[in-house]
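Residue numbers for the sequence shown, in the working numbering: 4 to 278. Structure, as structure tokens:
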Amino acid sequence: MSKTTLKWMGRIAAGAGLALAVQASAWADWALNMPRGVSDISNEVYELHMLIFGVCVVIAVVVFGAMIWSIFHHRKSRGVEPAKFSHSTKVEIVWTVIPIAILVAMAVPAADTLIRMEDTRNSDLSVKVTGYQWKWHYEYLDEGVAFFSNLSEESNRARQLGSGIDVSTVENYLLDVDRPLVVPVGAKVRLLLTSNDVIHSWWVPYFGGKKDAIPGFVNEFWFQADVPGTYRGQCAELCGRDHAFMPVVVEVLPEAEYQAWLADQSPRATPAAAP
Numbered sequence: 004m005s006k007t008t009l010k011w012m013g014r015i016a017a018g019a020g021l022a023l024a025v026q027a028s029a030w031a032d033w034a035l036n037m038p039r040g041v042s043d044i045s046n047e048v049y050e051l052h053m054l055i056f057g058v059c060v061v062i063a064v065v066v067f068g069a070m071i072w073s074i075f076h077h078r079k080s081r082g083v084e085p086a087k088f089s090h091s092t093k094v095e096i097v098w099t100v101i102p103i104a105i106l107v108a109m110a111v112p113a114a115d116t117l118i119r120m121e122d123t124r125n126s127d128l129s130v131k132v133t134g135y136q137w138k139w140h141y142e143y144l145d146e147g148v149a150f151f152s153n154l155s156e157e158s159n160r161a162r163q164l165g166s167g168i169d170v171s172t173v174e175n176y177l178l179d180v181d182r183p184l185v186v187p188v189g190a191k192v193r194l195l196l197t198s199n200d201v202i203h204s205w206w207v208p209y210f211g212g213k214k215d216a217i218p219g220f221v222n223e224f225w226f227q228a229d230v231p232g233t234y235r236g237q238c239a240e241l242c243g244r245d246h247a248f249m250p251v252v253v254e255v256l257p258e259a260e261y262q263a264w265l266a267d268q269s270p271r272a273t274p275a276a277a278p
């Protein structure tokens, strides 16, 4: 391989490295990448995402590197004569077998994770979640507790036309509710999702998944948050004119605090829905 070729390959590699470094910095500053989450499943989803992204980067480097090298070394100005052949059976076999092997290698861990994401057995807590335009209703099936979860009053006031409120001053604007879903840390929570009107979708990014709430159907979804805290999401389905005002908030508490919260709830307490 000539010195000129090595020089050009070095420049290409340096440029690719700089681009990746800049992109990594952008992820750190602007959080463009997906979060790791607070559950085993969400971490597995993140690792799969990064693994497959890495495979795609390697494929792109190999393919475009071969293209650039071929274009540079076989250009007309160097007097290169084009080869005269119609096809190569060996090459066609290689470029068919290798992609199949790559896809199978990626499918095996992905299928394992997908199967466990759908396994709602042996749950510690079951909550029926019903979507309305534009709020959620939570019913703890074994605890006798139920309530609506609406957009917080502060966000609701700020979103009104002519309110005069600077939304940048509203904490968690459009991502806060009056009553969050409360669950204990480390518990496997099974959600039974349905809808009273149109299709909604219950989504909290830090739990590593989402599930549609469809009228007349009951879908199942589960999560197990291993870190106490407040986690926010949204309805991920375009469910109507005020779709943007239907947040999801889940408060994960230590077991003792969760039991204290549960003791404070009135059985079957369902406050009137906010207009």
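Even glycine gets a Cβ: it sits at the ideal position worked out from N, Cα and C. If you're wondering where the values come from, they're calculated on a predicted model, not measured in any experiment.
Is DSSP giving T133 helix, strand or coil here?
In the sequence shown, residue 133 corresponds to position 130, counting from 1. Residue state, collapsed to three classes: strand.
Burial state of L256, where buried means 16 or more other Cβ atoms lie within 10 Å
Mapped onto the sequence shown, residue 256 falls at position 253. Buried, by the Cβ-count rule.
Within the stretch 52-133, ranges of the beta strand (DSSP E) (whole runs, at least 3 residues)
none
Using beta carbons (cut-off 8 Å, strictly below), is Q163 in contact with chain C?
Absence of chain C from the displayed structure is noted, only one protein chain being present.
Please classify P250 as buried or exposed, where buried requires at least 16 neighbouring CB atoms within 10 angstroms.
Working through the sequence shown from its first residue, we reach residue 250 at position 247. With 16 or more other Cβ atoms within 10 Å, it is buried.
For A69 and F75, I'd like the C-alpha separation in whole angstroms.
Here residue 69 is taken as the residue at index 66 of the sequence shown, counted from 1. Here residue 75 is taken as the residue at index 72 of the sequence shown, counted from 1. Their Cα atoms are separated by approximately 10 Å.
Quick check: what's the CA-CA separation for E223 versus S152?
Translated into positions along the sequence shown, residue 223 becomes position 220. Translated into positions along the sequence shown, residue 152 becomes position 149. Distance from the CA of E223 to the CA of S152, rounded to the nearest whole angstrom, comes to 20 Å.
DSSP three-state label for N199, please.
As a working mapping, residue 199 is identified with position 196 in the sequence shown. N199 falls in the coil class under three-state DSSP.
Would you please state the rounded distance, in angstroms, between the beta carbons of V186 and V132? I believe it to be under 8 Å.
Residue numbering aside, residue 186 sits at position 183 when the sequence shown is read from its first letter. Residue numbering aside, residue 132 sits at position 129 when the sequence shown is read from its first letter. Wrong, their Cβ atoms sit about 12 Å apart, outside the cutoff.
Using CA atoms only, rank isn't needed, just tell me which of M120, S155, G243, V64 is closest to V201.
For the purposes of this step, residue 201 is identified with residue 198 of the sequence shown, where counting begins at 1. Residue G243 is the option with its Cα nearest to V201.
Please report the distance separating the alpha-carbon of E157 from that of E174.
Sequence index remark: in the sequence shown, residue 157 carries index 154 (1-based). Sequence index remark: in the sequence shown, residue 174 carries index 171 (1-based). Taking the straight line from one Cα to the other gives about 9 Å.
So, V203 versus E142, is the Cβ gap smaller than 8 Å?
Here residue 203 is taken as the residue at index 200 of the sequence shown, counted from 1. Here residue 142 is taken as the residue at index 139 of the sequence shown, counted from 1. A quick correction: the sequence has His, not Val, at residue 203. Not a contact, by the Cβ cut-off of 8 Å.
Could you check which residue in R81, Y49, L177, V148 has the C-alpha nearest to that of L184?
By 1-based counting over the sequence shown, the position of residue 184 is 181. Comparing Cα-Cα distances from L184 to each of R81, Y49, L177, V148, the minimum goes to V148.
The alpha helix (DSSP H) that contains L265, what's its start and end?
To locate residue 265, count along the sequence shown from 1; it is residue 262. L265 -> alpha helix (DSSP H) spans 258-267.
Segment contact, 8 Å Cβ cut-off, at least three pairs: the stretch 98-116 with the stretch 49-68
yes
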